[in-house]
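If you're matching positions, the sequence shown starts at 2 in the working numbering and goes up one per residue.
So the structure is just underneath, and the comments pick up after that.
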Amino acid sequence: MGEATIRDVARRAEVSVASVSRALNGLNNVRGETRERIMAAAAELGYVPHAGARSLSLARAHAIGVVLPDLHGEFFSECVRGMDREASRRGYLLLLSNMHDDSEQSASALRTMRGRVDGLLVMAPHITPESLERALPTTLPAVLINAPGEVASRPSLRLDNRAGAQAMVRHLLANGYRNIVHVAGPEGNVDAQERLQGFRDALAELAPDMPVRIIAGDFNEEAGEAAAEQILASGAPCDAVFAANDMMAIGCLYALRQAGKRVPEDVAVAGFDGVPLARYLALTTIEVRIAEIGARAVSRLIDMIEGKGAGSGIELQEPQLVARATTAPRQGAAHG
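Shown next as structure tokens:
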């Protein structure tokens with residue numbers, strides 16, 4: 002026997018082909034009892050809807066374009082994991098691409114999605130709002146993640162990076178650390194800028210006599226290693242390193258331990274993001290629940306595509322401090 006068709010399902014459920022199509026496509030104009038009968042018939046026959054026909058009947062591709070600044074590393078893989086989980090739950094596929102810089106390449110990455118997807122998820126903390134607005138196809142719904150500013154008529158999910166960095170500085174000060182170095186992220190990246198500003202603001206408020214010490218980084222492990230080596234070579238007092246992301250913190254951990262330094266007895270180390278690896282390294286971090294943000298962005302976009310939800314507005318996500326062994330209290334310090 003060949004594969005079951007939509008007509009076979011209609012005959013088994015004793016309804017019209019149109020009713021089967023409406024029920025399987027999740028439309029509301031089918032009575033509950035009829036829908037249950039149709040779903041039972043489809044299950045009994047092992048009917049699988051034809052993706053091409055389904056797309057044509059709904060004028061939708063049931064695909065979402067995801068454009069990220071990078072496709073590698075724990076942060077992005079965790080974000081995509083959350084996106085994929087929610088997209089699969091709601092019957093959509095993901096198409097992935099990346100955009101590295103503020104150039105024609107970024108616009109090209111977005112243009113390649115046109116005609117293939119029903120909407121876009123764009124994470125572009127390094128692209129100016131004006132460039133992003135020009136690059137986004139006007140006919141496609143889009144949700145932005147950590148955009149550097151408001152883009153007209155495009156909803157956005159943003160992290161409260163500044164508050165997260167301030168929470169980390171408070172934690173380190175409360176645990177007795179007094180010579181804190183911040184390893185910053187890349188220039189022009191809004192997440193890096195906001196985390197650096199939070200670091201500066203917290204020191205100005207809570208420890209105005211402490212020097213503000215910054216080392217430039219780029220969000221990669223190698224930058225964390227280089228920062229640790231620079232700190233050790235300088236000979237300047239340093240009892241804590243707060244890296245602007247977990248991957249630089251992990252690189253810093255490695256370099257310090259290679260140099261024979263104890264963490265946290267000699268130098269404490271903290272990061273930002275909450276990548277899964279941080280837990281296994283007992284790394285203190287600011288957790289942003291990356292997978293949840295990815296899932297929430299997908300949910301919001303699909304609601305827009307299906308006419309169930311709303312367009313513009315910024316949704317602010319507040320990260321949480323997760324204190325672990327790499328920033329344990331110094332002798333005689335109160336717990337932070």
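Built from N, CA and C at the ideal position, the CB exists for glycine as well.
Pairing residue 79 with residue 320 gives a Cβ-Cβ distance that is not under 8 Å. Annotation: the region 221-292 contains the following complete segments of the alpha helix (DSSP H) (minimum length 4 residues), in chain order: 222-235, 247-259, 277-281. In the three-state scheme derived from DSSP, where H, G and I count as helix and E and B as strand, residue 21 is classed as helix.
Boundaries of the beta strand (DSSP E) around residue 321: 321-323.
Sequence-distant partners of residue 127 (beyond 5 residues in either direction) whose C-beta falls short of 8 Å from its own C-beta, in its chain, are 70, 102, 103, 149, 187, 189, 190, 191. Between the beta-carbon of residue 260 and that of residue 243 there is about 19 Å, and that puts the pair past the 8 Å contact cut.
When C-alpha distances from residue 15 are compared across 40, 30, 4, 26, the shortest belongs to 40. In the DSSP assignment, residue 182 falls within the beta strand (DSSP E) that extends over 181-184. Counting along the chain, the unbroken beta strand (DSSP E) around residue 67 starts and ends at 64-69. Burial is judged here by how many other beta carbons sit within 10 angstroms of a residue's own beta carbon; residue 215 has fewer than 16 and is exposed. If you compare the alpha carbons of 116, 151, 139 with that of residue 131, the shortest gap goes to 151. Uninterrupted beta strand (DSSP E) stretches at least 3 residues long and entirely within the region 98-137 occur at 120-124, given in chain order. The three-state secondary structure of residue 143, taken from DSSP, is strand. Rounded to the nearest whole angstrom, the CA to CA distance from residue 11 to residue 158 is 43 Å. Only residues of its own chain outside the window of five on either side were considered, and among them 76, 79, 80, 83, 274, 275, 276 have a CB closer than 8 Å to the CB of residue 291, listed in chain order.
Look at residue 79 here: in three-state DSSP terms it is helix. By alpha-carbon distance to residue 163, the top candidate from 140, 18, 26, 289 is 289.
Just so you know, the alpha carbons of residue 220 and residue 139 end up roughly 32 Å apart. Residue 32 and residue 285 have their alpha carbons spaced roughly 53 Å apart. The Cβ atoms of residue 94 and residue 143 do not sit closer than 8 Å to each other. Judged by DSSP in its simplified three-state form, residue 154 adopts coil rather than helix or strand.
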